[in-house]
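Student: Got a structure for you, questions after.
2 protein chains.
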Amino acid sequence: MITIVAKFIIKKECVDEFKKLAWELVVGSRNEAGNVSYNLYQDRANPGVLTFIEQWKDEAAIDFHNATEHFTSAIAAMEPLEEAAPEINQYDQLS
Amino acid sequence: MITIVAKFIIKKECVDEFKKLAWELVVGSRNEAGNVSYNLYQDRANPGVLTFIEQWKDEAAIDFHNATEHFTSAIAAMEPLEEAAPEINQYDQLS
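Line by line, the protein sequences give chains A and B. Heads up, the first sequence is in this note's numbering, so the first residue is 1 and it goes up one at a time. Heads up, the second sequence is in this note's numbering, so the first residue is 1 and it goes up one at a time.
Written out as structure tokens, the structure is:
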């Protein structure tokens with residue numbers, strides 16, 4: 001299993017719009033066969049920091065996801081809302 | 001419930017030592033009444049990036065955790081192993 005933490009830094013005035021796009025991405029991603037979990041979080045001290053924590057069965061599941069329409073369209077629409085480039089880490093669980 | 005993502009950037013030559021300290025912290029933290037989950041991850045592209053993803057019942061649980069001996073001693077011992085200051089985010093789950 002692969003865990004992805006995708007941290008977005010969103011302009012304050014664009015947070016609500018981002019959440020709408022993010023919700024569509026959550027719903028679409030959860031429906032994919034290779035997805036284990038897909039959740040959205042908001043930083044308690046800084047509402048402009050919005051992070052997806054995702055779990056995928058394997059690399060093939062991630063490759064499939066990255067080619068889906070719901071992913072590519074959401075990522076494209078999110079870009080103008082961003083204050084800085086997102087921070088994406090792909091992890092193996094150690095413990 | 002509160003989710004914490006604590007991302008550590010560790011000097012390459014110190015990763016094994018960090019993992020030993022981290023494992024003690026994982027075991028100690030999981031034993032706390034207020035803990036929901038506490039896991040360690042390693043970045044698949046950069047082994048020096050090691051991240052805890054933690055879930056806590058509430059703020060009181062986090063305050064208690066931050067005062068425990070296993071936390072304070074681990075954090076102190078980890079500091080000289082770090083290449084940069086850790087990135088800590090406390091999140092509310094939106095989805």
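Every residue, glycine too, gets a C-beta built ideally from N, C-alpha and C.
#1: Suppose only complete runs of 4+ residues qualify. What are the alpha helix (DSSP H) ranges in the region 26-90 of chain A, listed by chain order?
#2: Identify the contact partners of residue 45 of chain B in chain A, using a Cβ-Cβ distance below 9 Å as the criterion.
#3: If you draw a straight line from the C-alpha of residue 94 of chain A to the C-alpha of residue 44 of chain B, how long is it?
#4: State yes or no: is the C-beta of residue 61 of chain B within less than 7 Å of the C-beta of residue 34 of chain B?
#5: Of all the options A:1, A:26, A:20, which has the alpha carbon lying nearest to the alpha carbon of residue 81 of chain A?
#6: Helix, strand or coil for residue 11 of chain B? Go by DSSP, reduced to three states.
#7: Considering only C-alpha positions, which residue in the set A:25, A:2, A:58, A:3 is nearest to residue 78 of chain A?
#8: Given this structure, state the Cα-to-Cα distance separating residue 30 of chain B from residue 37 of chain B, to the nearest angstrom.
#9: Roughly how many angstroms lie between the CA atoms of residue 108 of chain B and residue 87 of chain B, to the nearest whole one?
#10: Which word fits residue 85 of chain A, buried or exposed, when buried means at least 16 other C-beta atoms lie within 10 angstroms of its C-beta?
#11: What residues are listed by DSSP as bridge partners for residue 92 of chain A?
#12: Taking beta-carbon pairs under 7 Å, can you tell me which members of the region 27-40 of chain B lie near chain A?
#13: For residue 6 of chain B, list the residues DSSP reports as bridge partners.
#14: Which residues in the same chain have their Cβ closer than 6 Å to the Cβ of residue 52 of chain A, if we skip the five residues on either side of it in sequence?
Tutor: In short:
#1: 59-66, 69-78
#2: 89, 90
#3: 11 Å
#4: yes
#5: A:20
#6: coil
#7: A:25
#8: 7 Å
#9: The displayed coordinates of chain B run from 1 to 95. Any statement about residue 108 of chain B would go beyond what the structure contains.
#10: exposed
#11: B:42
#12: 39, 40
#13: B:52, B:88
#14: 6, 40
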